[in-house]
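Asks: Quick one: this structure, given as structure tokens, is what I'll be asking you about.
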Amino acid sequence: MKHFISTLLTSVISLGSLLLVLVLCGCDTEKPQMGGISPQKMADALHAVMESDRTVYTRNVVNRLVKDEKVIKASEHWKDDKALPLPAQMFRMGAEMVSEKNAGFIYSLLSMWPINKQNAPKTDAEKTGLKYVADNPGDNYYTEEALGGINYFTAIYADTAVAPACIDCHNEHKDSPRSDFKMGEVMGGVVVRIPLN
Amino acid sequence: MVLFSLMKNRSWFYGLSLTAIIGGYLTFSLLTDTNKWIFLPGETSHGHYQIEMKCSACHTPLMGVKQDACLHCHAEELKIANDTHPEKKFTDPRNADRIAILDATKCITCHVEHKPEMTHPMGLTLPKDYCFRCHVDIGEERPSHKDMGFETCASAGCHNFHDNRALYEDFLSQHFDEPDILDDPMLPALNMRHVRQLIEETTAKPLTAADQDAPPELSFDTTLLQEWESTVHAEAGVNCQGCHTQDGVWKNELTHEACKTCHTGEVDGFLSGRHGMRLAHALSPMNPSMARLPMKPDAHDKELTCTSCHSAHRFDRHYATVSACLSCHNDTHSLAYTESPHFILWKAEQDSNSEANRGVSCATCHLPREIHKQDGIEKTVVQHNQNDNLRPNEKMIRSVCMNCHGLGFSINALADTTLIKNNFNGHPSEHIESLDMVKQRWKK
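The listed protein sequences derive, respectively, from chains A and B. Each residue of the first sequence is one higher than the one before, starting from 1 at the first, in this note's numbering. Each residue of the second sequence is one higher than the one before, starting from 1 at the first, in this note's numbering.
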């Protein structure tokens, strides 16, 4: 009897410990958590801020002052031309500053029709995701990818033409591969990456 | 007892003594700034050799390279140059495959020190065709580039890795068909006093020798007063105490720190260049005997401080623009200056035979006048880092050459090594095709 109780106790303790270890290791059915927020929720939240700021700058600063009021130019060479930075440059400058801060996520603005060829999709996730968000308006694309030995949660969101300034610039630029963008059309995508390990 | 037995065995004794002497010498060398040459793994590159005895400027105690050693001195110039390949462009994980091939996030990937046998111009220690690693398909985007060798990208006057301010396509497109010499060639006028009056909204009373405020007990040569009286310092109301009283204490001998009180940008520039970089690293001042460029033998002991070029009390700016330079520099380019068209223009201005700011001195090109704008006020300041626009020399195009010359002429002239040697006495024999290519593309 004594032997049976001892065996039972040992089994219960072992099973309990195993369960505890599993829970602590996060070996449950859910995706890895980051401080209680899933990578997808974090990426969506970050993108909401990025998209809003980008839209405000494009509509209320660039489009209003350049297209409507015609009081200042927006230029790729904004320092030399004493002009406003283009909305895409504004976005990228912010992305580079975030990158310097090592803030725990990275974002970029890419397109299947880039003016600067360095901003064309490069990784498999970028190629698939940019095509997906262009073909499926309103949908985002989520995946995981390994880059440089690090696993990332990668989210791709459509970047649409929100003001005439967007389409005019891209349609008229000598290096643009497309000259038929229309208002509201998907012109590229915002890629947000969150390291998982 | 042990020592006695060792002494009995003479080879042990000599061996230990020799080890102690060598060890002592090495330790002493490591602790002083003058004898560290023994630890140098190879000749240091131009510029850096001046501070090679200050190992800690670049190295960690265990002789690794400090992560921020390069940027500590060069970050600001890269920022001003709108660095085309900054570190932040490569930290995006989508560039991980590129970083694995060529880690452009680290300066030492391309610039390794103490390796003279593999160091190219600009301190590049990679094979010159490094651009192909990321731009291998450039021929598809730019058919005109299809058959060009990648070793020519950054060595033929068309592109630079960091500074392309005068070479980017849209800038070139704004300067097609400019004349060799512009219609109104002129340098920006210096305006520091005017700007100070605007900022401080006051006009200081000009001073004379009678106003001097040196301590009464101080005896000095009165010619110093006469010299001071004729300077802009006296004119702008800067009295003796203004410079000689530092932290409330009168000092006869002054360092660059005193000048920095008013001339912050100028002193910072001086300390960043080869004239002042030793002072910036708390080493003895540079003197021409340490230079790798040819220097006048009788100038070898001259120490380089602010007053080496701007003699104390007189602060003769005209002396500083040519004579000060030629009192030390003895290379072909410097010696050819007095035979050059630039010198003729400078002489005419000095002799009042031409308008102000038409002359071209040594300082015009090597200590260029830069226009900085703040609060809507344009301020012309002299860049006192005389190396700031030298490497690559295309850095000089916008800040110097284009005040008087067309862009095409400027690019060609700076690519012509013979013309540089004879101090631009003639017409460029080189022709860089970048403007032609841009013109062709824009026509399409």
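C-beta atoms are modelled at their ideal positions from N, C-alpha and C, and glycine is treated no differently.
Shorter than 7 angstroms from the beta carbon of residue 170(B) to some beta carbon of chain A?
Replies: Yes, residue 170(B) lies at the interface with chain A (some Cβ there is under 7 angstroms from its Cβ).
Asks: Relative to the alpha-carbon of residue 435(B), which residue among 217(B), 412(B) and 417(B) has its alpha-carbon at the smallest distance?
Replies: Residue 435(B) has its Cα closest to that of 412(B), out of 217(B), 412(B) and 417(B).
Asks: If residue 425(B) and residue 349(B) are in contact, beta carbons under 8 angstroms, what's the gap, nearest whole angstrom?
Replies: Wrong, their Cβ atoms sit about 19 angstroms apart, outside the cutoff.
Asks: If I'm right that residue 279(B) touches residue 288(B) with Cβ under 8 angstroms, what's the distance once you round it to whole angstroms?
Replies: Not quite, the Cβ-Cβ distance comes to about 15 angstroms (not below 8 angstroms), so this is no contact.
Asks: Within 10 Å of its beta-carbon, does residue 85(A) have 16 or more other beta-carbons around it, so buried, or fewer, so exposed?
Replies: Residue 85(A) is buried by the Cβ-count criterion.
Asks: Do you know how far the Cα of residue 80(B) is from the Cα of residue 459(B)?
Replies: Residue 459(B) cannot be examined here, being either before or after the span of chain B that is shown, 1 to 444.
Asks: Give me whichever residues DSSP pairs with residue 195(A) in a beta bridge.
Replies: Paired residue(s): 152(A).
Asks: Checking 7 angstroms against the spacing of the C-beta atoms, do residue 442(B) and residue 173(B) come in under that value?
Replies: Yes, Cβ-Cβ distance for residue 442(B) and residue 173(B) is below 7 angstroms.
Asks: Can you confirm whether the region 182-194 of chain A touches the region 131-140 of chain A when touching is taken to mean that 3 or more C-beta pairs between the two stretches lie within less than 8 angstroms?
Replies: Touching, per the Cβ criterion.
Asks: Tell me the rounded alpha-carbon separation between residue 27(A) and residue 39(B).
Replies: Because the pLDDT of residue 27(A) is 42, which lies under 50, any placement of that residue in the model is unreliable, and the number read from its coordinates should be weighed accordingly. So the alpha carbons of these two residues sit roughly 54 angstroms apart.
Asks: Is residue 125(B) buried or exposed, if buried means 16 or more other CB atoms sit within 10 Å of its CB?
Replies: The residue is buried, with at least 16 neighbouring Cβ atoms inside 10 Å.
Asks: Take every Cβ of the region 113-128 of chain A, pair it with every Cβ of the region 167-181 of chain A, and state whether three or more of those distances are shorter than 8 angstroms.
Replies: Enough Cβ pairs lie closer than 8 angstroms, so yes.
Asks: Figure out for me which residue from 402(B), 365(B) and 380(B) has the closest Cα to the Cα of residue 388(B).
Replies: Residue 388(B) has its Cα closest to that of 365(B), out of 402(B), 365(B) and 380(B).
Asks: Would you kindly work out how many angstroms separate the C-alpha atoms of residue 98(B) and residue 428(B), rounded to a whole number?
Replies: Going by the C-alpha atoms only, they are around 39 angstroms apart.
Asks: State the CB to CB distance for the pair residue 397(B) and residue 415(B), rounded to an integer number of angstroms; the pair is presumed to be in contact (CB under 8 angstroms).
Replies: About 11 angstroms separates the two Cβ atoms, so there is no contact after all.
Asks: By a C-beta neighbour count over all protein chains shown, 10 Å radius and 16 as the cutoff for buried, is residue 72(B) buried or exposed?
Replies: Exposed, since its Cβ has fewer than 16 Cβ neighbours within 10 Å.
Asks: Hey, residue 76(B) and residue 105(B): beta-carbon distance below 7 angstroms or not?
Replies: No, Cβ-Cβ distance for residue 76(B) and residue 105(B) is not below 7 angstroms.
Asks: Using the Cα positions of residue 117(B) and residue 421(B), report the straight-line distance between them to the nearest angstrom.
Replies: Whole-angstrom Cα-Cα distance: 25 angstroms.
Asks: Under 7 angstroms between the Cβ atoms of residue 342(B) and residue 322(B)?
Replies: No, these two residues do not count as a Cβ contact at 7 angstroms.
Asks: So which residues on chain B does residue 179(A) lean against when the C-beta distance must stay under 7 angstroms?
Replies: Neighbours of residue 179(A) on chain B: none; closest Cβ ~15 angstroms, over 7 angstroms.
Asks: Nearest CA to the CA of residue 159(A): which residue from 183(A), 171(A) and 148(A)?
Replies: Of the candidates 183(A), 171(A) and 148(A), the one whose C-alpha sits nearest the C-alpha of residue 159(A) is 183(A).
Asks: Leaving out five residues before and five after residue 226(B) in sequence, what residues of the same chain have Cβ atoms less than 8 angstroms from its Cβ?
Replies: 209, listed in sequence order.
Asks: Under 7 angstroms, do residue 195(B) and residue 379(B) count as touching if we go by C-beta distance?
Replies: Cβ distance < 7 angstroms, so residue 195(B) and residue 379(B) count as in contact.
Asks: Answer yes if the region 264-280 of chain B comes into contact with the region 311-322 of chain B, meaning at least three C-beta pairs across the two stretches below 8 angstroms, and no otherwise.
Replies: Cβ pair count under 8 angstroms is below three, so no.
Asks: With burial defined as no fewer than 16 other Cβ atoms inside 10 Å of the residue's Cβ, what is the status of residue 274(B): buried or exposed?
Replies: Counting Cβ neighbours within 10 Å, residue 274(B) comes out buried, since at least 16 surround it.
Asks: Any C-beta of chain A within less than 8 angstroms: which residues of the region 95-127 of chain B qualify?
Replies: If the cut-off is 8 angstroms between Cβ atoms, the region 95-127 of chain B has 96, 97, 99 and 100 near chain A.
Asks: Could you give the residue range of the alpha helix (DSSP H) that holds residue 196(B)?
Replies: Note, residue 196(B): alpha helix (DSSP H), 192-200.
Asks: Shortest alpha-carbon distance to residue 45(A) belongs to which of 156(A), 72(A) and 82(A)?
Replies: For residue 45(A), the nearest C-alpha among the options comes from 156(A).
Asks: Run the CB neighbour count on residue 304(B), radius 10 Å, all protein chains shown included, and call it buried at 16 or more, exposed below.
Replies: Buried.
Asks: For residue 247(B), does the count of other Cβ atoms within 10 angstroms reach 16, so buried, or fall short, so exposed?
Replies: By the 10 Å Cβ count, residue 247(B) comes out exposed.
Asks: Does the region 200-207 of chain B come close enough to the region 159-175 of chain B that 3 or more CB-CB pairs lie under 8 angstroms?
Replies: Verdict: no, contact absent.
Asks: Identify the contact partners of residue 141(B) in chain A, using a Cβ-Cβ distance below 9 angstroms as the criterion.
Replies: Near residue 141(B) (Cβ distances below 9 angstroms), the residues of chain A are 117 and 175.
Asks: Taking its Cβ as the centre, do 16 or more other Cβ atoms sit within 10 Å of residue 126(A), making it buried, or is it exposed?
Replies: So residue 126(A) ends up on the buried side.
Asks: Skipping 5 residues on each side, what residues in its chain have a beta carbon closer than 6 angstroms to that of residue 145(B)?
Replies: Excluding sequence neighbours, residue 145(B) sits near 138 and 139.
Asks: Does the region 239-246 of chain B come close enough to the region 212-219 of chain B to have 3 or more Cβ pairs within less than 8 angstroms?
Replies: Judged by Cβ distances under 8 angstroms, the region 239-246 of chain B makes contact with the region 212-219 of chain B, as three or more pairs qualify.
Asks: Given a limit of 7 angstroms on CB to CB distance, which residues of the region 99-125 of chain A reach chain B?
Replies: So the close ones are 99, 100, 106, 108, 117, 122 and 123.
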